[in-house]
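Since the structure comes first, as structure tokens, the remarks are kept for the end.
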Amino acid sequence: MKKLLIILCLIIPLLGQNLQVHYELRGDKKNITSTIEQFTGDRLGLTYWFVSATYTDFDGQNLLDGSATGVYGEFYRFFNIPKTNGLMAGIQYNDGLAVFSGSDTSTTYGSAFGRTWLGGFAYNVPVGKMHVLTTVWLRKKQGYNYDWQLTLAWGHTFANEKLTFNGFFDLWGEKKTGSSDPYKVVLLTEPQLYYNFNKHLAAGIKTQVSYNFEFGYDGQLRFAPTVAARWNF
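Residue 28 is where the sequence shown starts when you use this note's numbering, and the numbers rise one by one after that.
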């Protein structure tokens with residue numbers, strides 16, 4: 028169990044809690060995003076959660092005048108399965124909402140992302156000097172059929188602990204219940220590279236790569252790079 032805790036602290040990477048602030052570099056995504064994460068382990072297993080908030084300026088003129096326009100969070104709980112050499116069972120819950128302006132920017136609308144429940148099994152797979160936590164999920168999103176999801180999470184600190192490469196890769200299927208829309212396979216991955224100034228402060232870059240994920244861009248591969256700062260508590 029102690030070895031597994033160390034591995035997952037490298038993957039996440041945090042010892043308890045961290046705060047990230049990201050600035051979107053893509054022209055049509057002018058926003059700042061803050062994310063707080065927490066990871067804890069106990070004799071029964073592991074708990075991980077994060078909550079992200081997005082801050083935008085509806086007029087697109089001064090981002091610093093913007094306010095919180097979206098909140099999204101995920102909660103994971105993994106339970107050790109005895110006598111399986113590291114296999115875990117897990118549950119996950121995702122939810123969030125967003126607000127956006129009308130064409131004249133004088134009217135504000137809201138939209139819920141729809142809650143998502145997942146249950147599955149996870150196992151840590153060593154890949155060279157990295158560790159990849161591999162999870163296979165049964166997925167149920169509100170308003171959608173039961174489906175599947177594959178999640179990979181990795182982390183590696185190198186160059187005398189000055190650089191950290193971490194991220195995740197999600198691949199899942201989805202189809203709205205009772206809809207004639209075609210079945211979709213969605214890809215979402217966010218590799219990140221940080222320079223660690225000390226044990227608390229780090230700065231780096233993240234690139235979100237997605238397919239069939241962004242609304243209105245089905246069938247297109249999309250990139251959304253950010254610059255980021257992270258504080259480990």
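Think of the CB as a built atom: it goes at the ideal place given N, C-alpha and C, for glycine as much as any other residue.
(1) How would you call ASP245, buried or exposed, if buried means at least 16 neighbouring beta carbons within 10 angstroms?
(2) My guess is that ARG257 and GLN47 are in contact by the Cβ rule of under 8 Å, so how many angstroms apart are they, rounded?
(3) Just curious, the beta strand (DSSP E) that GLU103 is in, first and last residue?
(4) Going by C-alpha to C-alpha distance, which of VAL126, ASN225, ASN107 sits closest to GLY93?
(5) Measuring straight from C-alpha to C-alpha, what distance separates LEU145 and VAL213?
(6) Where DSSP assigns a beta bridge to GLU51, which residues make up the other side?
(7) So, helix, strand or coil for GLY246, using DSSP?
(8) Touch check for the segment 135-143 and the segment 152-165: three-plus C-beta pairs under 8 Å?
(9) Let me know the secondary structure DSSP gives ARG166 once reduced to three states.
(10) Rounded to a whole number of angstroms, what is the C-alpha to C-alpha distance between GLU241 and LEU198?
(11) Have a look at PHE196 and TYR136 and give me their C-alpha separation to the nearest angstrom.
(12) Between the C-alpha atoms of ILE33 and GLU51, what's the straight-line distance to the nearest angstrom?
(13) How many Å lie between ASP122 and GLU64 at the Cα?
(14) Let's test the definition: count the other Cβ atoms within 10 Å of the Cβ of ALA230 and tell me whether it reaches 16, buried, or not, exposed.
(15) Please list, in chain order, all residues of the same chain as PHE192 whose beta carbon is under 6 Å from its beta carbon, the five residues on each side excluded.
(16) Roughly how many angstroms lie between the CA atoms of THR81 and SER237, to the nearest whole one?
(17) Going by C-alpha distance, which of GLY170, PHE105, TYR150 is nearest THR111?
(18) Between which two residues does the beta strand (DSSP E) harbouring HIS227 extend?
(19) Determine the DSSP secondary structure at ALA125, reduced to helix, strand or coil.
(20) Roughly how many whole angstroms lie between the Cα atoms of LEU41 and ASN259?
Let me spell this out:
(1) Along the sequence shown, read from residue 1 onward, the residue named residue 245 stands at position 218. Exposed, because fewer than 16 other Cβ atoms sit within 10 Å of the Cβ of ASP245.
(2) Taking the first residue of the sequence shown as position 1, residue 257 is located at position 230. Taking the first residue of the sequence shown as position 1, residue 47 is located at position 20. So it is a contact: roughly 5 Å between Cβ atoms.
(3) Here the question's residue 103 lines up with position 76 in the sequence shown. Note that residue 103 corresponds to Tyr in the displayed sequence, not to Glu. TYR103 -> beta strand (DSSP E) spans 94-107.
(4) If you number the sequence shown from 1, residue 93 lands on position 66. The shortest C-alpha separation from GLY93 is found at VAL126.
(5) One-based indexing of the sequence shown puts residue 145 at position 118. One-based indexing of the sequence shown puts residue 213 at position 186. Answer to the nearest angstrom: the Cα atoms are 16 Å apart.
(6) Here residue 51 refers to the residue found at position 24 when the sequence shown is read from its first residue. Looking at the DSSP assignment, GLU51 forms a beta bridge with THR253.
(7) As a working note, residue 246 is residue 219 in the sequence shown. Coil, per DSSP.
(8) no
(9) The residue labelled residue 166 in the question sits at position 139 within the sequence shown. Looking at ARG166 - three-state DSSP - the assignment turns out to be strand.
(10) On the sequence shown, position 214 is the one that residue 241 refers to. On the sequence shown, position 171 is the one that residue 198 refers to. Approximately 14 Å, taken between the alpha carbons.
(11) To locate residue 196, count along the sequence shown from 1; it is residue 169. To locate residue 136, count along the sequence shown from 1; it is residue 109. The straight-line gap from Cα to Cα measures roughly 31 Å.
(12) Here residue 33 refers to the residue found at position 6 when the sequence shown is read from its first residue. Here residue 51 refers to the residue found at position 24 when the sequence shown is read from its first residue. Any reading at ILE33 needs caution, since the residue's pLDDT is 49, under 50, leaving its predicted position unreliable; the model's value is listed next. The alpha-carbon atoms of ILE33 and GLU51 are separated by roughly 31 Å.
(13) Here residue 122 is taken as the residue at index 95 of the sequence shown, counted from 1. Here residue 64 is taken as the residue at index 37 of the sequence shown, counted from 1. C-alpha separation (whole angstroms): 15 Å.
(14) In the sequence shown, counting from the first residue as 1, residue 230 sits at position 203. It counts as exposed.
(15) Taking the first residue of the sequence shown as position 1, residue 192 is located at position 165. Excluding sequence neighbours, PHE192 sits near HIS183, LEU220.
(16) Within the sequence shown, residue 81 is the residue found at index 54, counting from 1. Within the sequence shown, residue 237 is the residue found at index 210, counting from 1. Going by the C-alpha atoms only, they are around 18 Å apart.
(17) As a position in the sequence shown, residue 111 is number 84, starting the count at 1. Of the candidates GLY170, PHE105, TYR150, the one whose C-alpha sits nearest the C-alpha of THR111 is TYR150.
(18) Indexing the sequence shown from 1 puts residue 227 at position 200. Per DSSP, HIS227 belongs to no beta strand (DSSP E) and is neither H nor E.
(19) Counting from one through the sequence shown, the residue named residue 125 turns up at place 98. Looking at ALA125 - three-state DSSP - the assignment turns out to be strand.
(20) Numbered from 1 along the sequence shown, position 14 holds the residue referred to as residue 41. Numbered from 1 along the sequence shown, position 232 holds the residue referred to as residue 259. Because the pLDDT at LEU41 is just 45, under 50, the model does not fix this residue reliably, and the value given afterwards should be weighed accordingly. Answer to the nearest angstrom: the Cα atoms are 6 Å apart.
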